[in-house]
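Sequential numbering of the sequence shown, starting at 2, is according to the working numbering.
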Amino acid sequence: MNEELITVEQGNKGSRCRMKNVTKRQTKQLSRYGDPDPALIRFGQSCQHNGKSFQCATVKKRHIQTLRQNFYADSIKTNQDIRLCHMLSVASIARRRSDGVNVVPLKNLSGVPKENRGGDRKSQKSEEKKECVRHFLKRLKGRESHYNRKKSKRIYLSASLSVAKLWRLFNKEYPQNRVSYFMFRKIFIHDFNIGFSSPASDVCSKCTRLKQQYKFETKAEIKNQLLVEYRVHRKRAAAFYELAKEAPENSLSFCFDLQQVQPLPRTAIGDAFYSHQISLYAFCCVELSSRNPTFYVWTEDYAGRGSTEIASALLHHLDSLDYDRIEKIRLFCDGCTGQNKNSYIVHALMFWLKNKSPEGLSEISITFPVRGHSFMAADRCFGRVERLLRKNTDIFSKEEYIKFYSEVGQVKILGNDWKIYNVKELEKVYNKVKGIAETKRIFITKSNKNQRNPKIEVNTHLYYRFAPENKSRQIMLKKGKDDDNLVLNIIQPRNSLPDKKKHSLRKLLKELFGENWMSRADLKWYKDLLISGNADTETSDKEEDKGEQDVPCDCLDEEAALHI
Numbered sequence: 002m003n004e005e006l007i008t009v010e011q012g013n014k015g016s017r018c019r020m021k022n023v024t025k026r027q028t029k030q031l032s033r034y035g036d037p038d039p040a041l042i043r044f045g046q047s048c049q050h051n052g053k054s055f056q057c058a059t060v061k062k063r064h065i066q067t068l069r070q071n072f073y074a075d076s077i078k079t080n081q082d083i084r085l086c087h088m089l090s091v092a093s094i095a096r097r098r099s100d101g102v103n104v105v106p107l108k109n110l111s112g113v114p115k116e117n118r119g120g121d122r123k124s125q126k127s128e129e130k131k132e133c134v135r136h137f138l139k140r141l142k143g144r145e146s147h148y149n150r151k152k153s154k155r156i157y158l159s160a161s162l163s164v165a166k167l168w169r170l171f172n173k174e175y176p177q178n179r180v181s182y183f184m185f186r187k188i189f190i191h192d193f194n195i196g197f198s199s200p201a202s203d204v205c206s207k208c209t210r211l212k213q214q215y216k217f218e219t220k221a222e223i224k225n226q227l228l229v230e231y232r233v234h235r236k237r238a239a240a241f242y243e244l245a246k247e248a249p250e251n252s253l254s255f256c257f258d259l260q261q262v263q264p265l266p267r268t269a270i271g272d273a274f275y276s277h278q279i280s281l282y283a284f285c286c287v288e289l290s291s292r293n294p295t296f297y298v299w300t301e302d303y304a305g306r307g308s309t310e311i312a313s314a315l316l317h318h319l320d321s322l323d324y325d326r327i328e329k330i331r332l333f334c335d336g337c338t339g340q341n342k343n344s345y346i347v348h349a350l351m352f353w354l355k356n357k358s359p360e361g362l363s364e365i366s367i368t369f370p371v372r373g374h375s376f377m378a379a380d381r382c383f384g385r386v387e388r389l390l391r392k393n394t395d396i397f398s399k400e401e402y403i404k405f406y407s408e409v410g411q412v413k414i415l416g417n418d419w420k421i422y423n424v425k426e427l428e429k430v431y432n433k434v435k436g437i438a439e440t441k442r443i444f445i446t447k448s449n450k451n452q453r454n455p456k457i458e459v460n461t462h463l464y465y466r467f468a469p470e471n472k473s474r475q476i477m478l479k480k481g482k483d484d485d486n487l488v489l490n491i492i493q494p495r496n497s498l499p500d501k502k503k504h505s506l507r508k509l510l511k512e513l514f515g516e517n518w519m520s521r522a523d524l525k526w527y528k529d530l531l532i533s534g535n536a537d538t539e540t541s542d543k544e545e546d547k548g549e550q551d552v553p554c555d556c557l558d559e560e561a562a563l564h565i
């Protein structure tokens, strides 16, 4: 549903951080006229008189500290002098003469008296420019947040904008009232409550549904049931993160996830929004601390983004790790059925644990989060990459994308560093995991009773914490089949695109680079791809995911039980 654009209004600037001491002049002013000893460390009371005339010894240190804080609260020298003169003028006049002197207005002032001599003569000249900036900002159109509307009237502009871009647009539109970036930013922050990008949208649907049902329910019994269900749901979501925070001895933990599709070529022109583009995929494996991420990068002309590609990248990452004194591997990933939460990933991990894992390694566990509460360490890595990509609107080659990914972590390129294996061949040997859509944890264990031919077992858990009906042992090896000496065959890259996408891509490249774009050396990759043999990749993608259609999606999973 499209949201209606609303106009930015002045006022209600919100609880954002204020611009304090942002100029060199203000910083020097604070260091020169600020309190040099706020804790009174170097203060020493020299007077020890205790008579009626001199009572310095009776003054507490906290009283002196309070007076100093009030005096140095204003770091402007002129205001400090006015306050000091005010105190001296009142204290130097005898009590019997104070009634004849006009000091009553000074005593009744709540703040510092206004200085009418001299003063600022320049701010009035720029007032017209400031009003022009406010008028420009009021014309902007944005979206209002659906959350916390009572507390804030914050307006969200497009994510492609920034304060610097708005400042340049203003100076271009009003050349006769050009302002500095500092003045524009000061008005933007202090006079308006504007943000960039839209507020959070990927929120848990079940949390929202239960809140709305509880809000409008009138029966107390049903409200209590909704409240209990909501609390259990939140507890279950928190249990996933508690497991991720644990650090068992002799264990290795990391998470993996696939980033949203990146377009090639990446451009901001209007035709790109209506044109087919080549998709670039990035699969991230990273420690739970978000350090040392590894990105597995490929484009759609090489392969798709199904469970085969995810399993192949995961196998390569497992082969590259150091397993000194490691007995268990803990994996964390979201519940996307077509990529992570399916039998093919489990089969690939069983194959690796039996045939390629070191002798000391005995267990691999996979933990899936509650839907709507799946923010993990890999998402932080993707955020770093997207922060770099937002600064570069025009990207026309894979190498440019790889350059940005390499600034965040290590990059593995399909075809050069890793290959795709046909992990779906393992379905001939292993059974599918029963009830995987409702499963929260999967444990793959290796029995060390027979070192030459270890036995692999799979246990599925419906919940994060123990319950009598939680654990379920499954027999994965099919009758009459043997999983000894299994070998995975390599899948060759397809190097092709659908005809429909080729036609659309040609039009976009012609719009970007002109009629003779094929003669450019930097666009040779597009040329070779468009003139290569046609292949019905859409059909092959459907066949690739055919075996996963019978597995219900994780989004359809209803958590009716009250177990954690």
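Glycine residues also receive a C-beta, built at the ideal position from the N, C-alpha and C atoms. Just so it is clear, the structure is predicted and the values come from calculations on it, not from any experiment.
C-alpha distance - residue i paired with residue j, whole-angstrom precision
{"i": "ASP418", "j": "CYS334", "result": "23 Å"}
{"i": "GLU539", "j": "PRO499", "result": "Any reading at GLU539 must be qualified, since the residue scores a pLDDT of 47, below 50, and its modelled position is unreliable; the value itself is stated next. Roughly 7 Å between the two C-alpha positions."}
{"i": "LEU319", "j": "ASN225", "result": "47 Å"}
{"i": "ILE457", "j": "LEU228", "result": "42 Å"}
{"i": "GLN1", "j": "TYR282", "result": "The question about residue 1 has no answer here: the residues shown for the chain are numbered 2 through 565."}
{"i": "GLN375", "j": "LEU332", "result": "Note on identity: in this sequence residue 375 is Ser, with Gln being the wrong assignment. Near 14 Å, if we compare the C-alpha coordinates of LEU332 and SER375."}
{"i": "THR268", "j": "GLU401", "result": "13 Å"}
{"i": "GLN81", "j": "THR24", "result": "21 Å"}
{"i": "ASP395", "j": "PRO264", "result": "11 Å"}
{"i": "ARG140", "j": "GLU218", "result": "41 Å"}
{"i": "TYR148", "j": "ILE156", "result": "In this predicted model, TYR148 has a pLDDT of only 43, less than 50, meaning its place in the structure is not dependable; the value taken from the coordinates is given anyway. Distance between the alpha carbons of TYR148 and ILE156: 12 Å."}
{"i": "GLU408", "j": "GLU247", "result": "29 Å"}
{"i": "HIS462", "j": "LYS441", "result": "6 Å"}
{"i": "GLY384", "j": "TYR406", "result": "11 Å"}
Distance CB(residue i)-CB(residue j) smaller than 8 Å
{"i": "ALA312", "j": "VAL204", "result": "no"}
{"i": "PHE178", "j": "GLU129", "result": "Per the sequence shown, the amino acid found at residue 178 is Asn instead of Phe. Yes; because the gap between Cβ atoms is below 8 Å, this pair is in contact."}
{"i": "GLY373", "j": "CYS256", "result": "no"}
{"i": "GLN475", "j": "LYS435", "result": "yes"}
{"i": "GLY336", "j": "PHE284", "result": "no"}
{"i": "HIS50", "j": "ALA40", "result": "no"}
{"i": "GLY410", "j": "THR295", "result": "yes"}
{"i": "LEU170", "j": "PHE197", "result": "no"}
{"i": "GLU310", "j": "ILE421", "result": "yes"}
{"i": "MET351", "j": "ILE445", "result": "yes"}
{"i": "ALA379", "j": "GLU288", "result": "no"}
{"i": "ASP484", "j": "LYS399", "result": "no"}
{"i": "TYR527", "j": "LEU513", "result": "no"}
{"i": "ARG144", "j": "TYR303", "result": "no"}
{"i": "THR63", "j": "PHE72", "result": "The amino acid occupying residue 63 in the given sequence is Arg; Thr does not appear at that position. It is not a contact, given that the beta carbons lie outside the stated cut-off."}
{"i": "TRP299", "j": "LEU415", "result": "yes"}
{"i": "PHE241", "j": "TYR464", "result": "no"}
Reference residue i; option with closest CA among the options
{"i": "ILE403", "options": "ARG388, TYR297 and LEU513", "result": "TYR297"}
{"i": "GLN340", "options": "HIS317, LYS413 and GLY307", "result": "GLY307"}
{"i": "LYS503", "options": "LYS447, ASP325, ASN454 and HIS277", "result": "HIS277"}
{"i": "ILE491", "options": "ILE279, VAL459, ALA314 and TYR34", "result": "ALA314"}
{"i": "SER127", "options": "ARG69, LYS142, ILE188 and LYS166", "result": "ILE188"}
{"i": "TRP353", "options": "PRO455, TYR215, GLU512 and ARG155", "result": "PRO455"}
{"i": "ASN251", "options": "ILE330, PHE217 and ASN194", "result": "ILE330"}
{"i": "THR28", "options": "ILE77, GLN11, ARG521 and ASP484", "result": "ILE77"}
{"i": "ALA239", "options": "CYS337, ILE396 and VAL371", "result": "VAL371"}
{"i": "GLU360", "options": "ASN393, ASP325 and ALA349", "result": "ASP325"}
{"i": "PRO249", "options": "ARG385, ILE327, VAL488 and THR309", "result": "ILE327"}
{"i": "GLY305", "options": "ASN293, ILE279, SER290 and SER321", "result": "ILE279"}
{"i": "PHE193", "options": "SER291, SER181 and VAL164", "result": "VAL164"}
{"i": "PRO176", "options": "MET377, GLY52 and PHE137", "result": "PHE137"}
{"i": "SER161", "options": "TYR242, GLU132 and LEU389", "result": "LEU389"}
{"i": "ARG567", "options": "ALA349, GLU301, ASP258 and LYS433", "result": "Since the first residue of the chain shown is 2 and the last is 565, residue 567 is not available in this structure."}
{"i": "LYS357", "options": "VAL386, LEU322 and PHE383", "result": "LEU322"}
Residue burial classification, residue i (beta-carbon count within 10 angstroms, cutoff 16)
{"i": "ASP523", "result": "exposed"}
{"i": "GLN493", "result": "exposed"}
{"i": "LEU68", "result": "exposed"}
{"i": "SER366", "result": "buried"}
{"i": "ILE42", "result": "exposed"}
{"i": "GLY35", "result": "exposed"}
{"i": "GLN11", "result": "exposed"}
{"i": "HIS317", "result": "buried"}
{"i": "HIS234", "result": "buried"}
{"i": "PRO37", "result": "exposed"}
{"i": "PHE185", "result": "buried"}
{"i": "VAL459", "result": "buried"}
The stretch 336 to 355 touching the stretch 412 to 431, judged by at least three CB pairs closer than 8 Å: In the pairwise beta carbon analysis, the stretch 336 to 355 is classified as touching the stretch 412 to 431: at least three pairs are separated by under 8 Å.
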